[in-house]
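>
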Amino acid sequence: FVYAAVRAEQFWPASTGGVGVRLSGAAGAVGGERIPAQRLFPAGGRGTVGGYNFHEFVGNLYGAASIEINRRISHPLLSISLFSDIGWVGIDGEGARRAVSVWSQAGAPAGATNGALVGVGASLGVVYDILWLDIARGLGERAIWEVLFRVRSEFWGWL
């Protein structure tokens, strides 16, 4: 099988009393006759498109983008963010269809998105933005309300 993926992110931090902006994008493809199911690209839920069930969609073709606008309310105690995610996964080829079938048999049934997934949400960050509480809602078919508690990635090693 052949696998390729790329991810880019740009962050413009908030100046004193200003607004910070984060843009990110990702794309990937995997092809061949013997694609391992774990090499497929999942979409839905945290880390992809908020407001959909976690990894509800899967395919061998993937594209996603996100924008987040952040404002400090009471530094260092409180920040708020608004965000929007968009993502898509597709299935192309017999090897991909077999891999998706294996994925679905091993866990919850999944398949390609029917068009783009869009999710929007808001976040509340506390104590130097170390802890975050997110609420997200998908805007399409099969959308859900999603509430997440997360810790900034620089602190994962402590957990």
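Yeah, the sequence shown ends on 440 if you go by the numbering used here, and it's all consecutive.
In this text, a Cβ means the ideal position worked out from N, Cα and C, and glycines have one as well.
Can you list the beta strand (DSSP E) stretches of 3 or more residues lying completely in the stretch 344 to 401, in chain order?
359 to 371, all fully within the stretch 344 to 401.
> If you count every other CB in all the chains shown that lies within 10 Å of the CB of H336, and 16 or more means buried, which is it?
Start at 1 with the first residue of the sequence shown, and residue 336 comes out as number 55. By the 10 Å Cβ count, H336 comes out buried.
> Measure the alpha-carbon distance for V283 versus V428 and round it to whole angstroms.
Taking the first residue of the sequence shown as position 1, residue 283 is located at position 2. Taking the first residue of the sequence shown as position 1, residue 428 is located at position 147. Their Cα atoms are separated by approximately 36 Å.
> When DSSP labels each residue in this structure, what does G406 get in the three-state scheme?
Along the sequence shown, one-based indexing puts residue 406 at 125. Correct three-state label for G406: strand.
> Beta-carbon separation of N395 and I372 under 9 Å?
Stepping through the sequence shown from its first residue, residue 395 is reached at position 114. Stepping through the sequence shown from its first residue, residue 372 is reached at position 91. No, the pair does not count as a contact, with Cβ atoms beyond the cut-off.
> DSSP three-state label for E435, please.
Mapped onto the sequence shown, residue 435 falls at position 154. Here E435 sits in helix by DSSP.
> Going by the CB atoms, is the gap between L405 and L363 shorter than 9 Å?
Within the sequence shown, numbered from 1, the residue matching residue 363 stands at position 82. Within the sequence shown, numbered from 1, the residue matching residue 405 stands at position 124. Not closer than 9 Å, so no.
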